[in-house]
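Working notes for the structure below.
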Amino acid sequence: MEPLQQQMAKRRPMAEINVVPYIDVMLVLLIIFMVTAPMLVQSVPVNLPDVDATPTEVDDDNTTLTISVTASGEYYIERDKKDPAPMSLSEVTEYAGKLKQAQPTTQVMIRGDEAVPYGKVVHLMGNLQGAGISDVGLITEAPDPEARP
159 MEPLQQQMAK RRPMAEINVV PYIDVMLVLL IIFMVTAPML VQSVPVNLPD
209 VDATPTEVDD DNTTLTISVT ASGEYYIERD KKDPAPMSLS EVTEYAGKLK
259 QAQPTTQVMI RGDEAVPYGK VVHLMGNLQG AGISDVGLIT EAPDPEARP
C-alpha cells in the first residue's frame, strides 16, 4: 500500500492559477489598442485655431455631423467614412438638411482650418441655417498653457 500512497502524493491537484498566459493576452491587446488609437483621429487634416472656451459635450454616437473646411476651402463631411471626398457647398448643405430632417437630434459641428478665409465658414453657416439647421457648433483646439506669456 505504500507505493499507492506515494503515487497519490505525487498526483496532488495543483491549487495555483497560472496567470502568465493572461498577461500575454493583455499585452497583445494593449499593443493592438496602441496601434489603432491614432487611426481614430479625424481623417481630414485641419489646423484648428486655439481658443479659450468652455468645452461642449459631444456624443460619440451617430448623432453628430462634423463638417470640415480645409485651408484650401474644400468642404468635407466626416461621418462613418474613413476617407471622405471633397464636396461642394450645395452638396454639404443638402446632405446636412436631409440628415437633420431624418434625425432631428443631430448635432452639426464645423472644423474650420485657421488659414481658411472667414467667409467660407460664414457661407457654410448661412447655408446650413437656410436648410433649417440653426444650432451649429465650432470646433477649436485648447491653447497650449506653456505658450502663454
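Residue numbers (my numbering): 159 to 307.
Using N, Cα and C, we set each Cβ at its ideal position, and we do this for glycine too.
Keep in mind the model is a prediction, meaning the values are calculated, not measured.
Next on the checklist: In the DSSP output, which residue or residues are listed as bridge partners for residue 270?
Outcome noted: In the sequence shown, residue 270 corresponds to position 112, counting from 1. Answer by DSSP bridge pairing, in chain order: 227.
Checklist entry - What's the C-alpha gap between residue 253 and residue 191? => result Here residue 253 refers to the residue found at position 95 when the sequence shown is read from its first residue. Here residue 191 refers to the residue found at position 33 when the sequence shown is read from its first residue. One C-alpha to the other measures close to 33 Å.
Checklist entry - To the nearest angstrom, how far is it from the Cα of residue 281 to the Cα of residue 236? => result Indexing the sequence shown from 1 puts residue 281 at position 123. Indexing the sequence shown from 1 puts residue 236 at position 78. Using only the alpha carbons, I get a separation of about 19 Å.
Checklist entry - Is the distance from the Cβ of residue 230 to the Cβ of residue 269 below 7 Å? => result The residue you call residue 230 lines up with position 72 of the sequence shown. The residue you call residue 269 lines up with position 111 of the sequence shown. No.
Item to check | CA nearest to the CA of residue 223, picked from 178, 241 and 255 | outcome: One-based indexing of the sequence shown puts residue 223 at position 65. Answer by Cα proximity: 255.
Item to check | Top-ranked residue by Cα proximity to residue 251, from 279, 275 and 272 | outcome: Along the sequence shown, read from residue 1 onward, the residue named residue 251 stands at position 93. Of 279, 275 and 272, the residue nearest in Cα terms is 279.
Next on the checklist: Extract the residue ranges of the alpha helix (DSSP H) inside the stretch 240–267, only unbroken runs of 4 or more that lie entirely within it.
Outcome noted: 247–260
Next on the checklist: Taking the beta strand (DSSP E) that residue 177 belongs to, which residues open and close that run?
Outcome noted: Mapped onto the sequence shown, residue 177 falls at position 19. Where residue 177 is concerned, there is no enclosing beta strand (DSSP E), given that its DSSP letter is neither H nor E.
Next on the checklist: Which of the three DSSP states is assigned to residue 290 in this structure?
Outcome noted: The residue given as residue 290 occupies position 132 in the sequence shown. Coil at residue 290, not helix or strand.
Item to check | Where the beta strand (DSSP E) containing residue 236 begins and where it ends | outcome: Position 78 of the sequence shown holds residue 236. Residue 236 -> beta strand (DSSP E) spans 233–236.
Next on the checklist: Just to confirm my understanding: we take residue 289, look at its own chain, exclude 5 residues before and 5 after, and list those with CB closer than 8 Å. What are they?
Outcome noted: As a first step, residue 289 is located in the sequence shown; it is residue number 131 there, counting from the start. The answer, listed in chain order, is 251, 252, 254, 255 and 258.
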